[in-house]
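Peer 1: This is the structure, below, for whatever I ask next.
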Amino acid sequence: GTGLNALAKAAGKLYFGTATDNGELSDAAYTAILDNNKEFGQITPANSMKWDATEPTRGTFTFSGGDQIANLAKANGQLLRGHNCVWYNQLPSWVSNGQFTAADLTTVIQNHCSTLVSHYKGQVYSWDVVNEPFNDDGTWRQDVFFNVLGTTYPAIALKAARAADPNAKLYINDYNIEQSGAKATAMLNLVKQLIADGVPIDGVGFQCHFIVGEVPGTFQTVLEQFTALGLEVAITELDIRTTTPASQSALAQQQKDYQSVVQACMNVDGCVGITVWDFTDKYSWVPSTFSGQGAACPWDQNLVKKLAYNGIVAALTS
Ligand code: G3I
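If you're matching positions, the sequence shown starts at 2 in my numbering and goes up one per residue.
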């Protein structure tokens, strides 16, 4: 069949998916593509399951935005990735500015993860339980979780998530771990320690926010270092940005880059699927964060497939 998810499944992967966001769901031309489970067999909410959206004040949970995405996945016959339980960013100020004892913050993490994961029990294929724990030099990020609890907080979150939904795959997700180096080594050491300690951990997510012409050559090798530990891996937030307006040569290089990233997942049995961080340049996060950059997605601003799409197809049919 045609369509990215149909091709991914025919090749033995679980899914090809995309991030989406609630504000985009009123765009009928957009949802016509999003809802087609031949293109996308999995969706991830880009914002609406994050801490600021789900527990804006302590002990008060709001799931309306997340539920809209979860219900859409169900209606479309798509898998759902939960994103995320514990992350330094998009935290409500009661968490980021809280003055916590270790015992109090442990309870806060347990209650947040447990309530969030329980709410979606049975609906989520995999959860990003811990997101972006490391700095680029491989040291731990100095966020409220690390500052109060040190290296113990991932285990607290993972155990709470496992108890809340024993069938969900539990992931740690990060960026700049796609190439061999200090940050990938830090992640490898963390998951080895969690496994040795008997902490529940099923997978590692590689975000893959790349730049045209700069896809790391060691990506497949790194994926294999993680699957060798018995973990699954996934490409969770793929996009490949360039200077805008994008030149024809940049878009041609982008096609090759998409192909090589997807090929790395194809070459590794334990790589279960690929998610793009939204499929169209119309809704990409890139231009608002990196001024003068964008054009990072496989569909353009007008929801027309780019050369990048052909690169993905080439890898999925290799
Ligand atoms: O909801 C508010 C709205 O009320 C306000 O009027 C508006 C004005 O700025 O902002 C809205 O919040 C924005 C939010 O997206 C929802 O649209 C935030 O400003 C904006 O910063 C936020 O950006 C998100 C970003 O995470 C925040 O870090 C992106 O949409 C989202 O795609 C991005 O996703 C992250 C992953 O979670 C983790 N990995 C990196 C990835 C890309 O940054």
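Virtual Cβ for every residue (Gly too), placed ideally from N, Cα, C.
Here the structure is a predicted model, which is why all the values come from computation and not from measurement.
Starting from the C-beta of Lys170, find all residues in its chain whose C-beta is less than 8 angstroms away, skip the five residues before and the five after it, and write them out in chain order.
Peer 2: Tyr126, Ser127, Trp128, Asp203, Gly204, Glu233
Peer 1: Under the rule that 16 or more other beta-carbon atoms within 10 Å means buried, what is Val305, buried or exposed?
Peer 2: By the 16-neighbour rule on beta-carbons within 10 angstroms, Val305 is exposed.
Peer 1: Let me know if Ser65 comes out buried or exposed under the rule of 16 or more other beta-carbons within 10 Å of its beta-carbon.
Peer 2: exposed
Peer 1: Is it buried or exposed for Gln100, if we count other Cβ within 10 angstroms and need 16 for buried?
Peer 2: exposed
Peer 1: Cα-Cα, which of Phe220, Ala165, Pro217, Thr186 is closest to Pro201?
Peer 2: Between Pro201 and the set Phe220, Ala165, Pro217, Thr186, the nearest pair of CA atoms involves Ala165.
Peer 1: Just list the residues that DSSP pairs Ala20 with in beta bridges.
Peer 2: Thr45
Peer 1: Can you give me the Cβ contacts of Ala185 inside the same chain, cut-off strictly under 6 angstroms, excluding the 5 residues immediately before and after it?
Peer 2: Ile178, Val223
Peer 1: Just the C-alpha distance for Thr32 and Cys298, rounded to the nearest angstrom, thanks.
Peer 2: 16 angstroms
Peer 1: Helix, strand or coil, according to DSSP, for Gln249 in the structure here?
Peer 2: helix
Peer 1: What are the complete beta strand (DSSP E) segments, minimum 3 residues, inside the stretch 58-128?
Peer 2: 80-87
Peer 1: Give me the Cα-Cα distance between Thr45 and Phe211, rounded to the nearest whole angstrom.
Peer 2: 19 angstroms
Peer 1: Go ahead and pull the three-state DSSP assignment for Phe211.
Peer 2: strand
Peer 1: Inspect the CB distances between the stretch 86-93 and the stretch 13-32 and report whether three or more fall short of 8 angstroms.
Peer 2: The stretch 86-93 is not in contact with the stretch 13-32.
Peer 1: Please state whether DSSP places Val149 in a helix, a strand or coil.
Peer 2: helix
Peer 1: Since Ala235 sits in a beta bridge, which residues does DSSP pair it with?
Peer 2: Gly206
Peer 1: Is Trp52 a contact residue of the ligand G3I, with contact defined as CB to any heavy atom under 6 angstroms?
Peer 2: no
Peer 1: Helix, strand or coil for Phe227, going by three-state DSSP, please let me know.
Peer 2: helix
Peer 1: Check this for me: beta carbons of Ala47 and Ala74, under 7 angstroms apart or not?
Peer 2: no
Peer 1: Looking at Ala158 and the ligand G3I, is the gap between the Cβ and the nearest heavy atom below 6 angstroms?
Peer 2: no
Peer 1: Taking the alpha-carbon of Ile241 as reference, which of Asp282, Asp270, Asn268 has the nearest alpha-carbon?
Peer 2: Asp282
Peer 1: Would you report the Cα separation of Leu35 and Gly42, rounded to the nearest angstrom?
Peer 2: 9 angstroms
Peer 1: Answer yes or no: do Arg142 and Pro155 have a C-beta to C-beta separation smaller than 7 angstroms?
Peer 2: no
Peer 1: I'd like to confirm something about Trp286: is its beta-carbon nearer than 6 angstroms to some heavy atom of the ligand NAP, or not?
Peer 2: With respect to the ligand NAP, the structure shown offers nothing to examine, as its ligands consist of the ligand G3I.
Peer 1: CB-CB under 8 angstroms to Thr140, same chain, minus the five flanking residues each way: which ones, in chain order?
Peer 2: Ala187
Peer 1: Taking 7 angstroms as the limit between beta carbons, can you name the residues of its chain near Val263, skipping five residues before and five after?
Peer 2: Here Val263 has Ile275, Ile313, Ala316, Leu317 as same chain residues with Cβ atoms under 7 angstroms from its own Cβ, once five neighbours each way along the sequence are excluded.
Peer 1: Do you know how far the Cα of Thr102 is from the Cα of Trp300?
Peer 2: 47 angstroms
Peer 1: What are the boundary residues of the beta strand (DSSP E) that includes Gly274?
Peer 2: 272-277 is the extent of the beta strand (DSSP E) around Gly274.
Peer 1: For Gly295, which residues of its own chain have a beta-carbon under 7 angstroms away from its beta-carbon, when the five flanking residues on both sides are left out?
Peer 2: Close CB contacts of Gly295 within its chain, under the 7 angstroms cut and outside five residues either way in sequence, are with Arg242, Thr245, Asp282, Ser285, Val287, Pro288 (chain order).
Peer 1: Rounded to whole angstroms, what's the CA-CA distance from Val213 to Thr107? Just pull it up for me.
Peer 2: 41 angstroms
Peer 1: Leaving aside the five residues before and after Leu308 along the sequence, list all residues of the same chain whose C-beta is less than 7 angstroms from its C-beta, in chain order.
Peer 2: Leu252, Ala253, Gln255, Gln256
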